[in-house]
Amino acid sequence: MPTTCALCRRVVHHERLDDPQALQEHHLIPENRAESPTVTLCRPCHKQVHATFTNEELRETYHTIEALRGAERLAEYLSWIRSTGKLDIRIRTSDHVRERR
Ligand SMILES: [Zn+2]
Ligand SMILES: [Zn+2]
44 MPTTCALCRR
54 VVHHERLDDP
64 QALQEHHLIP
74 ENRAESPTVT
84 LCRPCHKQVH
94 ATFTNEELRE
104 TYHTIEALRG
114 AERLAEYLSW
124 IRSTGKLDIR
134 IRTSDHVRER
144 R
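Residue numbers (the numbering used here): 44 to 144.
In structure tokens:
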């Protein structure tokens, strides 16, 4: 099982893997889970991705890990999370994602 987050590239240390949700599978094409490739993300990154983008945006534009890594809307988050050891963060869903739920 991978122990590195594909987005922020932080390594989740062994003892923290006791938390089964510390690393999560993200379906790059959210509405087509059966065929979608998956990547392993740490919990903060996974939450952040879904709080930042709608499923439609993920499907149309951010369906590769490279696209997510390069996304301008994640840049500030990524530089912050990389400076922390946090595996739990509070996230406010962006208005534009909330409006589409
Ligand atoms: Zn991460
Ligand atoms: Zn996901």
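Every residue gets a Cβ at the ideal spot worked out from N, C-alpha and C, and that includes glycine. Since we're looking at a predicted model, the values are computed, not measured.
Roughly how many whole angstroms lie between the Cα atoms of residue i and residue j?
{"i": "Thr107", "j": "Val55", "result": "22 Å"}
{"i": "Ala94", "j": "Asp138", "result": "9 Å"}
{"i": "Gln67", "j": "Asp131", "result": "13 Å"}
{"i": "Arg86", "j": "Arg112", "result": "16 Å"}
{"i": "Ile134", "j": "Ser79", "result": "25 Å"}
{"i": "Arg143", "j": "Thr97", "result": "7 Å"}
May I ask you to report which of helix, strand or coil DSSP gives residue i?
{"i": "Gln67", "result": "strand"}
{"i": "Val54", "result": "strand"}
{"i": "Leu130", "result": "coil"}
{"i": "Thr47", "result": "strand"}
Assuming residue i and residue j form a contact by the criterion Cβ under 8 Å, report the distance between their Cβ atoms to the nearest whole angstrom.
{"i": "Arg53", "j": "Arg125", "result": "7 Å"}
{"i": "Thr81", "j": "Leu71", "result": "7 Å"}
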